[in-house]
Structures are given as structure tokens and as C-alpha cells.
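The structure appears right after this line, and notes come after that.
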Amino acid sequence: MNTFKNQNLRRYLWPCIGLLALLVINAIIAPEFFQIEFKDGRFYGSLIDVLNRAAPVALLAIGMSLVIATAGVDLSVGSIMAIAGAVSAYYITKGVDNLALIIGAGLIAGLIAGIANGFLVGYMSIQPIVATLILMVAGRGIAQLINEGQIVTFDHPGFAFLGTGSFLGLPFPVVLVIITFAIVQLLTRRTALGLYIEAVGANPSASHYMGLNAKAIKMSVYCVAALCAALAGMIAAADIRGSDANNAGLWLELDAILAVVIGGASLMGGRFSIFLAIIGALIIQTLTVTIILSGIPPKFNLLIKASAIILVLLLQSPLFQKQLAQLKFRKSSPTNNTSVNGNNKETKNA
Amino acid sequence: MKGLFKTLTLAAAIGISATVNAITVGFAQVGSESGWRTSFSESVKAEAEKRGITLKFSDAQQKQENQIKAVRSFIAQRVDAILIAPVVETGWQPVLMEAKRARIPVVILDRNVSVTDHSLYLTRIAPDFEVEGQRAATWLTEKTQGKCSILELQGTVGSSAALGRMKGFNETIAKFPETKIVRSQTAEFTRAKGKEVLETMLKAEGGGKGICAIWAHNDEMALGAIQAVKEAGLKPGKDILIVSVDAVDDALKAIVAGEINVSVELSPHLGGPAFDVINEYRGGKKEFDKWIRMGGAVYTADNAAAELTKRGAK
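Those sequence lines, one after another, are chains A and B.
Taking my numbering, the leading residue of the first sequence gets 4, the next gets one more, and so forth.
Taking my numbering, the leading residue of the second sequence gets 398, the next gets one more, and so forth.
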């Protein structure tokens, strides 16, 4: 029991250390990074920006953690963002003024996409990467079709609030992430649903014999992922007061998967932590801000991002940690090698 | 039946030769992937109609094989000239040779073609990204008397538009030691990135104190930047000057609203000069510059409103 707790703590430790390290680097590069002012009824500062800009990826990551926990993956979330943004923009430009209707239309568009994914993966047993690839490609096309190939701009203060408003001094996208996090966390951890999701991912046949309806569970996680994506898409559209079908959410599915992986989840499924996935999203966004603040020429952006992420992932890898520990151990007392190896074997067997 | 067909063609031929200027031109366009591309197509069509030229228009849906097919069909139809707006640079040699053998002159619009034999086409008519950068910089240095700290939003790293505009701008401001770019980062030509990147830059520069201008490689990024400037509690266009390229409709509206100061037009009106070249060729001129540069007009508060009404009228 004690070791279990210990392991759990370690799981949370490394991503948080990674985030802290990045924040410290930022503070060194730009001392004003941690400055937060209260201006026009809202907090204002780089740290708040990181939270605000990480919101879309954090939302995607919430949905993606559930999907990945069932040993699936959803490549279509970026395209669903574009669709939801385009649908809401379409209704606004058609003169619909009712905010609930506009947001509802976006969410329904997302839900339809989620049902399509869930049907293909859950009921048709098509491999998730293939099934969602279909919508990843086609979805952007659908969004472009809705927008008729143009960037549709609109002026709707109520809808724009989704992206640029503030609530209790926090940017509204951040508030939406907190609400979504709370809902999904309650649903998965205060009911058996979380356990079911993990069971389907960890051992499909065992969970089948236990009487779990794997198809319905898969359908539900893809729907949740798509709804999160639709919300993220509307935030992105509201932020720029326009729907850009070509670029909205482009490649964000990869950032979302990365956030989940940085959060320590295995792509083989079986366990998830929504909180850690959000930390992962924050790490990615902090990194982006670090690069902008550092003033390094843009051509190095991707390289720096990749190196930093490799580092975070390595630090989390149990094998790497063990080898690191071994190295230290060897240096201090080279004669004790055998006992270390013995230990290794034991843990492997366990 | 055959006889009737022959008479008809003969009659048609006589009809054509009767009016000197009534030529047929084939136009192989890339597609309609952006607003700029659409206005480019519209401009060529309008120009052809104005001059009484019969235009055969082909939309290749961003595929080169469709473009090549279109050019072959133009050759088979024995058009008087062919305009190509290539989707990619390579792979044009064979079909251009077919056109040359059929003695049909070819004019390249916008993007370049890479061929070993440059006699395969008359000329290329394309915007000059460097000139756009220069014009933007010239406007800014005149406005600020050469004293300015600039935040730069670059286009997609490595794209020819970003490289060209950067080069032209930097060369021009190099003459003014007190005009310098303090921060530069890519925002990938998109509105969302423009806003996000600028937001961070402004905070890194103490909320924009001491920044006199933002130089964006396209209007989309500038439009995103405006929102970031507003949210930082500053007035775009007044507290911080906004300099941009493209002059799309949204940008002109922002100029009228006083939020963008200047936008250099990336001219989509390549049709007029192309038909001029074809006319000169038919008039006997055989040698042309291989690149006719289209430097865009500069739009500021003085002329943006007029241009908008002109575009609305079209």
C-alpha cells in the first residue's frame, strides 16, 4: 500500500517539476514574467497568458486522456475545433443572436463528430488511429465548406466573451477549463466510470467478461473528447472574432496527445490523470512563451520545443531514472553493483 | 453533316478574323484556396471581358496534373495564348515545350516555374515581396523620422513571402540607425498566432512602453495583433503604429477605423499586364523581361476608404 502511494506521488512529481523548471527559466530570461497586475477588473500578466493560451490544448487534453485511457487515440480533435468554430460563425453571420443557440449548435456539431468517431471505433472495431484520421482530414474540409473557403469574421460581444471575457478576474477560457475539469473529474472519479474506462483500456477481454459494455464506454469517451474539442474550437474562434477553417486547431491534436503523454499516461491505455494532462498542456504553452521571450530566431522554435520535451519525457521514464540512479550509485561505491542488479530483477518480476 | 460542320467553322473563323482584338486566351489557375486567389481570378476575368478577350478559365483545385491537362486542352483548342498560375515550380518543361511547338505564347503569373530553357515562356508577372517590404519600411521611417522600435511578426518560416518582405524591410531600415527591430518571431501568417505572439511580446516589453510600431508580414497577423494591443489597454494605430502587407478587405476596413496605419497591397490584378504582354507579342515584340514585377499600392487612411468603395462596386 505504501509503495503504491509512493509511486502515485512520483507520478505527480515529475511533470510538476518539469513545469516548475520551465517557469524558473522564464523568470531568469524575463524577470517581469511573474508580474501580475489587476487591470480593468482582470488579472494581467504573462502567467495569466500562459493559462489563457493553454486553455484550448488543456480542453483537448481532458478529452484525449479519456480516449487514450481506453487504448485509443483521437486525431480528429483539431478538425472538430475548426468545424465547431465554423458552425458558430455561420449562425452568427446568419443573424442568430441567441448565445445559447450559437454555442449549442457548435456543441451539437462536435457531438455528431464524436458519435461518428465512437461508432467507427466502438461498434465497427476500426483501429482508432484510422477511424479518427478520416475525420481529421475530412473535418477540415467540412469546416472550409461551411466557411466557403474564406475566413468568416463576426461581431458578437456575447460569443466573443467565450474567448476574451473574464470571470472573477480570470480569463474566461481558464474558467471553462476549470469547470470542464471539475465535471469530468467528478464523473470519472466519484462514479465507477473512470474505473470502467481504465478497465476497457487495460484489458478489454477481462472487462468484457466482467460485463462491461466496452462499445458504449468507447462511444462515450469519443463523445466527451469531441465536446471538449468543440468548446476549444469556439474559444479559438471567439478569441479572434473569426473562424479560420484552414488554421483553427491545426496540429493541436498532436499537442493534446503530447500533453497527455507528458502527464505520464501510457498510449497503451489503462490509466489516466486529467490533472496531469492539464499540467502537460501548461508545460507545452510555457515552453512556447519561453521561446518567444528568449528572442531566439524563429527557425529554432521547433528544435528547442522538441529537445525540452524529450528531456521532460526522459525524466519521467522509470528506466531512465533507474539508470541515472545506478550511475550515481556506481560512482559512490562501485563494488555494490550486484545488489543493484538484484533489485532490478525483483522490480521487473513484480 | 460533316459539310455543315465545316461551313460553320469557316463562318466562325471569318467572324473571328473580322474583329482584330477578339483573341482566345486559356487561363490555368491554381484553384480558389484563399481570398487573395479568388480576387486574382476575378480580376483576370474582368480584365478579359473589358478587352473583349474570350477567356477559357480552368480551376485546377490545387493539383498540378489538372493544370497540365488544362494546358494540353488549351493547346488542342488552338487558343491564341495561355496564362499559367503554377501551383508548384517543377514539372512544367514537357507541357511548355508542347505549347512552344504549337507556337502558342505562354505567360506565367504569380509563382515561378523552374525550367532550363527560359524561351519556353514570354515572361513571368508576379508581385515582388522585397518591394512590398521596402514600401512598408519607407512609409514607417518617413512617419517616424527614422526613430522607431519595432516588433516584427514574421510569416511562416522559410516561405518566400516572409523571406522577401523581411529582406526588403530590413535593407530599408538599415539606413536608419535609430530604427530597429527589438523583437521578431513567427506567427505563421495566421490571426490567432498573431494575437498570441504579440500578447507575449508586449508583456516582455513592459506592456508596450517604448514600442512605436508593429510590422506584420501579412494582414491576418496584423488583425490579430490589433486585438492584443487593445487588450493591453493601448490604442492600435495611435499608441502603436501597425504596418502590414496584403491590403485585404478586412485590413482596409481596419485602416478606415484607424486601427491599421498602412497596408501594402499584394496586387491580385495580374490580368491587365498579362494581356498587355500578349498584345505586344502579337504586335511583333518577341523579347520580354523574364520577370515583370508588380509592386503593390500603398494604402493609408487617405485612400483606403476610396479603394473599399471601388472594390465593393466590383
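Cβ coordinates follow ideal geometry from the N, Cα and C atoms, glycine included.
Here the structure is a predicted model, which is why all the values come from computation and not from measurement.
Helix, strand or coil, according to DSSP, for residue i in the structure here?
i: residue 633 of chain B; result: strand
i: residue 19 of chain A; result: helix
i: residue 702 of chain B; result: helix
i: residue 413 of chain B; result: Because the pLDDT at residue 413 of chain B is just 44, under 50, the model does not fix this residue reliably, and the value given afterwards should be weighed accordingly. In this structure, residue 413 of chain B counts as helix in the three-state DSSP scheme.
i: residue 667 of chain B; result: coil
i: residue 423 of chain B; result: strand
i: residue 246 of chain A; result: strand
i: residue 696 of chain B; result: strand
i: residue 42 of chain A; result: strand
i: residue 174 of chain A; result: strand
i: residue 610 of chain B; result: strand
i: residue 321 of chain A; result: helix
i: residue 459 of chain B; result: coil
i: residue 349 of chain A; result: A caution first: residue 349 of chain A carries a pLDDT of 40, below 50, which makes its placement in the model too unreliable to give a value.
i: residue 254 of chain A; result: coil
i: residue 195 of chain A; result: coil
i: residue 93 of chain A; result: helix
i: residue 577 of chain B; result: strand
i: residue 489 of chain B; result: coil
i: residue 551 of chain B; result: strand
i: residue 624 of chain B; result: helix
Can you name, in chain order, every residue of its own chain whose Cβ lies under 8 Å from the Cβ of residue i, other than the five neighbours on each side?
i: residue 520 of chain B; result: 504, 505, 674, 685, 686, 687, 688 and 689
i: residue 114 of chain A; result: 226, 229, 230 and 233
i: residue 211 of chain A; result: 217
Using a cut-off of 7 Å between C-beta atoms, extract the partners of residue i located in chain A.
i: residue 554 of chain B; result: 301 and 302
i: residue 429 of chain B; result: 152
i: residue 621 of chain B; result: 243
Can you name the residues of chain B whose CB is closer than 7 Å to the CB of residue i?
i: residue 295 of chain A; result: 582, 594, 597 and 598
i: residue 56 of chain A; result: 593
i: residue 292 of chain A; result: 597
i: residue 298 of chain A; result: 580
Identify the contact partners of residue i in chain B, using a Cβ-Cβ distance below 8 Å as the criterion.
i: residue 156 of chain A; result: 647
i: residue 49 of chain A; result: 597, 600 and 601
i: residue 35 of chain A; result: 600, 601 and 603
i: residue 43 of chain A; result: 630
Beta-carbon within less than 7 Å of residue i's beta-carbon, same chain only, minus the 5 sequence neighbours each way: which residues are those?
i: residue 653 of chain B; result: 701, 702 and 705
i: residue 262 of chain A; result: 60, 64, 280, 283, 284 and 287
i: residue 251 of chain A; result: 84, 85, 88, 236, 239 and 240
i: residue 476 of chain B; result: 421, 422, 423, 453 and 501
i: residue 634 of chain B; result: 655, 656, 657 and 658
i: residue 380 of chain B; result: A question about residue 380 of chain B goes unanswered here, because the residues of chain B that appear run from 398 up to 711.
i: residue 708 of chain B; result: 646
Pick out whichever of the options has its Cα sitting closest to the Cα of residue i.
i: residue 278 of chain A; options: A:241, A:208, A:180 and A:219; result: A:180
i: residue 527 of chain B; options: B:593, B:476 and B:642; result: B:642
i: residue 518 of chain B; options: B:543, B:534, B:532 and B:491; result: B:491
i: residue 624 of chain B; options: A:243, A:60 and A:162; result: A:243
i: residue 50 of chain A; options: A:173, A:118 and A:231; result: A:173
i: residue 116 of chain A; options: A:130, A:146, A:16 and A:105; result: A:146
i: residue 645 of chain B; options: B:450, B:546, B:436 and B:604; result: B:436
i: residue 617 of chain B; options: B:630, B:602, B:651 and B:444; result: B:651
i: residue 691 of chain B; options: B:479, B:663, B:679 and B:681; result: B:663
i: residue 148 of chain A; options: A:80, A:110, A:41 and A:85; result: A:85
i: residue 77 of chain A; options: A:328, A:249 and A:133; result: A:133
Within its chain, find whatever has a CB closer than 6 Å to the CB of residue i; leave out the 5 residues flanking it on each side and keep chain order.
i: residue 465 of chain B; result: 492
i: residue 585 of chain B; result: 553
i: residue 257 of chain A; result: none
i: residue 222 of chain A; result: 121 and 125
Residues of chain A with CB under 8 Å from residue i, in chain order?
i: residue 589 of chain B; result: 239, 242, 243, 247, 250 and 251
i: residue 426 of chain B; result: Correct list: empty, because the minimum Cβ distance to chain A is about 14 Å.
i: residue 551 of chain B; result: 301
Which residues in chain B sit within 9 Å of residue i, going by Cβ to Cβ distance?
i: residue 52 of chain A; result: 593, 596, 597 and 600
i: residue 183 of chain A; result: Neighbours of residue 183 of chain A on chain B: none; closest Cβ ~20 Å, over 9 Å.
Quick check: the stretch 308–326 of chain A against the stretch 286–297 of chain A, are at least 3 beta-carbon pairs closer than 8 Å? These segments touch.
Would you call the stretch 64–73 of chain A and the stretch 88–106 of chain A in contact, with 3 or more CB pairs under 8 Å? no
Is it the case that the stretch 565–575 of chain B contacts the stretch 250–268 of chain A, given that we only count it when at least three CB pairs across the two stretches are under 8 Å? Verdict: no, contact absent.
Looking at C-beta atoms only, is the number of pairs between the stretch 144–160 of chain A and the stretch 87–94 of chain A that lie closer than 8 Å three or more? yes
Does the contact criterion of 3 or more C-beta pairs under 8 Å hold for the stretch 197–207 of chain A versus the stretch 38–58 of chain A? No, they do not touch.
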